[in-house]
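Residue numbers (the working numbering): 103 to 209.
Yeah, the Cβ is synthetic: ideal placement off N, Cα and C, and Gly gets one too.
If you're wondering where the values come from, they're calculated on a predicted model, not measured in any experiment.
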């Protein structure tokens, strides 16, 4: 998971993921049209995303297409977000009840 968090830390890599989310299966040339970076810079970012398994490259003839792999993001959501969701909802519910009690006491 460290590789995934490292990959997500850079705004350019997040932008690449966003572009693939909107239009999956793009070549390097297609991705270059969306960012104000050199082809070499984008290629380095893509390689880091591939190492983190957030992108899967597949060859289609002579073209290398890049596809978004949502599995690592799902694992992060399950491990870090979903398990805290119930506690957050309980805390919000408790806060709402507390605010109701306070507002009734002030009337």
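Quick one: grab the DSSP three-state call for residue 208. Sequence index remark: in the chain shown, residue 208 carries index 106 (1-based). In this structure, residue 208 counts as coil in the three-state DSSP scheme.
Out of 125, 118, 191, 155, point me to the one whose CA is closest to residue 171's CA. For this step, residue 171 is matched to residue 69 along the chain shown. Comparing Cα positions, the closest option is 155.
Please look up how many angstroms separate the CB atoms of residue 106 and residue 159, rounded, as I've assumed it's under 8 Å. Numbered from 1 along the chain shown, position 4 holds the residue referred to as residue 106. Numbered from 1 along the chain shown, position 57 holds the residue referred to as residue 159. That pair is no contact at about 17 Å.
Only counting the same chain, and skipping five residues up and downstream in sequence, which positions put a Cβ closer than 6 Å to that of residue 114? Reading the chain shown from its first residue, position 12 is the one you call residue 114. For residue 114, where only same-chain residues beyond five positions count, the Cβ hits under 6 Å are 147.
Could you tell me which residues DSSP puts in a beta bridge with residue 159? Along the chain shown, read from residue 1 onward, the residue named residue 159 stands at position 57. Within the DSSP secondary-structure output, residue 159 pairs in a beta bridge with 168.
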